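Some notes on the structure that comes next.
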């Protein structure tokens with residue numbers, strides 16, 4: 091009967107098991123999640139069941155003989171070969187035909203009074219030839235409230251026993267060691283030496299100090315007092331009183347929960363470590379794109395300066411043209427507009443159209459090449475990340491569904507980026523970019539020039555402006571205005587031409603800047619959109635797993651607090 095305090099501890103233990111299962115299900119892995127659910131379900135059921143004493147050890151250590159000696163009758167089958175291939179459960183009841191449960195557990199009954207409080211489990215040998223036997227034993231250990239580990243005097247603390255004890259310790263189980271077959275020793279000195287050997291290795295290799303009971307099941311069957319079986323029987327029947335059994339039973343689910351939570355914590359840490367490298371990859375890509383954008387803008391400004399300088403030189407030649415042609419000595423030339431226009435195109439326009447168009451074409455080609463280079467860098471970075479992941483799988487590191495999904499996503503994004511690079515047509519991209527520039531021009535005041543290239547537009551507008559100004563002067567001359575007024579008109583005309591040139595230069599800079607800025611933004615957006623699934627996955631998983639790690643830490647802290655309360 092549980093006290094109110096024990097009931098509260100039991101309720102906390104059940105809540106901890108529920109919390110552990112919730113955490114386990116947050117780490118999708120179908121096989122593992124199903125096994126965890128089974129273990130946690132058994133841990134809950136075990137809180138309601140009788141105290142469970144599980145006997146384990148190598149197949150020829152005499153486990154069944156120890157149980158028979160404890161009961162005082164041969165209730166468990168014995169043999170020198172690994173014949174105990176199933177779990178045997180000894181419960182209180184009248185002897186009769188053995189019963190086999192659906193999950194393969196053979197139930198034996200005996201009227202021994204202590205079996206009203208304790209069930210005993212006999213397991214297959216830990217080093218049985220049939221590996222399935224060992225798996226059966228390992229799967230039953232988590233259900234135990236106390237583990238009786240039987241080792242043989244002729245082979246004490248073997249390597250397989252050490253490995254199995256390590257597994258039991260990870261489940262947080264209380265372990266009692268039974269050294270059987272002490273009848274093989276010639277004297278007590280040999281016995282003491284082996285007992286010390288077992289105790290020292292348990293402490294050194296496993297960090298535990300188990301109780302050790304040296305016994306002889308053979309002598310116990312003969313009622314030989316040298317069997318030392320009374321000490322083991324007294325421990326099980328008297329030391330394990332109701333209070334101690336309740337304490338061990340309440341500790342049982344804590345060991346299961348702590349084992350699963352610690353393992354889940356390791357899984358989360360491994361996944362977060364992978365994601366941190368993904369974060370570093372994404373940050374490298376983003377740092378490159380930021381630097382790429384800054385470099386493109388710097389180079390673009392250099393190209394804009396080149397175009398502006400071409401227009402500046404055009405304006406300087408226009409100034410010289412006014413000084414040369416718009417003066418009293420060439421009044422009659424001004425009247426001949428066709429002659430003036432031809433001179434303007436020859437002396438001022440010159441090869442301005444070709445210079446501007448060549449510069450803009452070089453700018454377009456450069457931007458296209460930089461766009462392609464950006465795709466290549468992103469692809470190479472993702473390929474390196476995918477290759478590193480492949481190498482890890484080859485050496486047996488994290489091989490979970492999470493890792494597989496992550497790897498598939500990295501490869502998918504990398505392949506999509508590679509596909510863009512493989513299909514990248516620089517000529518087509520250049521033509522598209524040039525078309526975008528023309529579209530931008532068509533939406534501005536420059537569109538009125540009616541030309542097909544930026545250079546032609548500049549030349550057309552400059553020529554039109556000059557023609558307008560010189561036409562005004564010529565008209566004034568034909569109208570017979572005083573020649574003394576001509577210098578004033580010339581200054582006004584020059585200022586008008588400069589105003590129009592400045593406006594042309596501003597509009598030209600705006601058109602180029604807006605057009606190429608929009609193209610740069612589009613280019614960067616295409617790359618970021620391509621890696622967005624990878625970026626979103628990393629960000630969301632990192633947030634989720636960080637929160638899950640905090641939940642695990644909190645649950646482990648609760649398990650420690652509960653363990654302290656149970657042991658208090």
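Residue numbers (the numbering used here): 91 to 658. We put the CB at the ideal spot given by N, CA and C, even for glycine. Predicted model, so just to flag it, every value in this text is computed and none were measured.
Inset, instruction - Using a threshold of 8 Å, state whether the C-beta atoms of residue 446 and residue 394 are closer than that. - result: Position 356 of the chain shown, counted from the start, is the residue given in the question as residue 446. Position 304 of the chain shown, counted from the start, is the residue given in the question as residue 394. Not closer than 8 Å, so no.
Legend entry - Cα-Cα separation, residue 352 to residue 642: Taking the chain shown and counting its residues from 1, the one referred to as residue 352 is at position 262. Taking the chain shown and counting its residues from 1, the one referred to as residue 642 is at position 552. If you take the alpha carbons of residue 352 and residue 642, they lie about 8 Å apart.
Legend entry - Cut-off 6 Å between Cβ atoms - residues of its own chain near residue 571, not counting five sequence neighbours on either side: Counted from its first residue, the chain shown places residue 571 at position 481. Only weak support is given to the placement of residue 571: the predicted model assigns it a pLDDT of 43, under 50, and the value that follows is read from those uncertain coordinates. Closer than 6 Å at Cβ, skipping near neighbours: no residue.
Legend entry - Contact set for residue 161: own chain, Cβ-Cβ below 7 Å, skip 5 residues either direction: Counting from one through the chain shown, the residue named residue 161 turns up at place 71. Only 200 and 202 meet the Cβ criterion.
Legend entry - Euclidean distance between Cα positions of residue 599 and residue 398: Position 509 of the chain shown holds residue 599. Position 308 of the chain shown holds residue 398. If you take the alpha carbons of residue 599 and residue 398, they lie about 8 Å apart.
Inset, instruction - Check whether the stretch 613 to 620 touches the stretch 353 to 360, taking contact to mean three or more Cβ pairs, one atom from each stretch, closer than 8 Å. - result: no
Legend entry - residue 535, buried or exposed, once every other Cβ within 10 Å from all chains shown has been counted against 16: Taking the first residue of the chain shown as 1, we reach residue 535 at position 445. Because the pLDDT of residue 535 is 45, which lies under 50, any placement of that residue in the model is unreliable, and the number read from its coordinates should be weighed accordingly. When all chains shown are included, residue 535 counts as exposed.
Legend entry - Which of helix, strand or coil DSSP assigns to residue 105: As a working mapping, residue 105 is identified with position 15 in the chain shown. Residue 105 falls in the helix class under three-state DSSP.
Inset, instruction - Out of 402, 451 and 460, state which residue places its alpha-carbon closest to the alpha-carbon of residue 594. - result: Start at 1 with the first residue of the chain shown, and residue 594 comes out as number 504. For residue 594, the nearest C-alpha among the options comes from 402.
Legend entry - Endpoints, beta strand (DSSP E) assigned at residue 141: Indexing the chain shown from 1 puts residue 141 at position 51. It spans 141 to 147 - the beta strand (DSSP E) in which residue 141 sits, taken as one unbroken run.
Inset, instruction - Quickly, what does DSSP pair residue 245 with across the bridge? List them, please. - result: Locating residue 245 in the chain shown gives position 155, where the first residue counts as 1. Looking at the DSSP assignment, residue 245 forms a beta bridge with 242.
Legend entry - Residue span of the beta strand (DSSP E) that contains residue 303, given as start and end: Position 213 of the chain shown, counted from the start, is the residue given in the question as residue 303. Residues 301 to 304.
Legend entry - Touching by the beta-carbon criterion (3+ pairs, under 8 Å), the stretch 380 to 387 and the stretch 291 to 304: no
Inset, instruction - Out of 310, 97 and 258, state which residue places its alpha-carbon closest to the alpha-carbon of residue 154. - result: Taking the first residue of the chain shown as 1, we reach residue 154 at position 64. Comparing Cα positions, the closest option is 310.
Legend entry - Cα-Cα separation, residue 195 to residue 269: Sequence index remark: in the chain shown, residue 195 carries index 105 (1-based). Sequence index remark: in the chain shown, residue 269 carries index 179 (1-based). Using only the alpha carbons, I get a separation of about 26 Å.
Legend entry - For residue 265, three-class secondary structure by DSSP: Residue numbering aside, residue 265 sits at position 175 when the chain shown is read from its first letter. Looking at residue 265 - three-state DSSP - the assignment turns out to be strand.
Inset, instruction - List the endpoints of the continuous beta strand (DSSP E) containing residue 165. - result: Working through the chain shown from its first residue, we reach residue 165 at position 75. From DSSP, residue 165 is part of no beta strand (DSSP E); its letter is neither H nor E.
Inset, instruction - Name the one or two DSSP bridge partners that residue 180 has. - result: Here residue 180 refers to the residue found at position 90 of the chain shown. Note: residue 180 sits in a beta bridge opposite 198 and 210.
Inset, instruction - From the DSSP output, read off the bridge partner residues of residue 189. - result: Stepping through the chain shown from its first residue, residue 189 is reached at position 99. BP columns for residue 189 point to 197.
Inset, instruction - Evaluate the contact criterion for the stretch 634 to 651 versus the stretch 358 to 376: three or more CB pairs, one atom per stretch, below 8 Å. - result: Yes, since at least three Cβ pairs between the stretch 634 to 651 and the stretch 358 to 376 fall closer than 8 Å, the two stretches touch.
Inset, instruction - Answer yes if the stretch 322 to 329 comes into contact with the stretch 243 to 250, meaning at least three C-beta pairs across the two stretches below 8 Å, and no otherwise. - result: Contact between the stretch 243 to 250 and the stretch 322 to 329 is absent: fewer than 3 CB-CB pairs across the two stretches fall below 8 Å.
Inset, instruction - Verify whether the separation of the beta carbon atoms of residue 271 and residue 345 is less than 8 Å. - result: Indexing the chain shown from 1 puts residue 271 at position 181. Indexing the chain shown from 1 puts residue 345 at position 255. No, Cβ-Cβ distance for residue 271 and residue 345 is not below 8 Å.
Inset, instruction - State the Cα-Cα distance for the pair residue 289 and residue 364, rounded to the nearest angstrom. - result: Your numbering for residue 289 matches position 199 in the chain shown. Your numbering for residue 364 matches position 274 in the chain shown. So the two alpha carbons sit approximately 41 Å from each other.
Inset, instruction - Go ahead and pull the three-state DSSP assignment for residue 643. - result: Position 553 of the chain shown, counted from the first residue, corresponds to residue 643. Here residue 643 sits in helix by DSSP.
Inset, instruction - From the DSSP output, read off the bridge partner residues of residue 270. - result: Here residue 270 refers to the residue found at position 180 of the chain shown. Under DSSP, the beta-bridge partners assigned to residue 270 are 242.
Inset, instruction - Alpha carbon to alpha carbon, how far is residue 164 from residue 229? Give it in angstroms, no decimals. - result: For this step, residue 229 is matched to residue 139 along the chain shown. For this step, residue 164 is matched to residue 74 along the chain shown. Cα to Cα, the separation comes out at about 26 Å.
Legend entry - Three CB pairs or more closer than 8 Å across the stretch 93 to 108 and the stretch 133 to 142: yes
Inset, instruction - Check whether the Cβ atoms of residue 318 and residue 304 lie closer than 8 Å to each other. - result: Position 228 of the chain shown, counted from the start, is the residue given in the question as residue 318. Position 214 of the chain shown, counted from the start, is the residue given in the question as residue 304. Closer than 8 Å, so yes.
Legend entry - Whole-Å CB distance - residue 666 paired with residue 300, under 8 Å assumed: Lying outside 91 to 658, the shown extent of the chain, residue 666 is not represented and no answer is given.
Inset, instruction - Give me whichever residues DSSP pairs with residue 237 in a beta bridge. - result: Taking the chain shown and counting its residues from 1, the one referred to as residue 237 is at position 147. DSSP links residue 237 through a beta bridge to 144 and 265.
Inset, instruction - Report yes if the CB atom of residue 265 is closer than 8 Å to the CB atom of residue 211, and no otherwise. - result: The residue given as residue 265 occupies position 175 in the chain shown. The residue given as residue 211 occupies position 121 in the chain shown. Result no, Cβ atoms of residue 265 and residue 211 do not sit closer than 8 Å.
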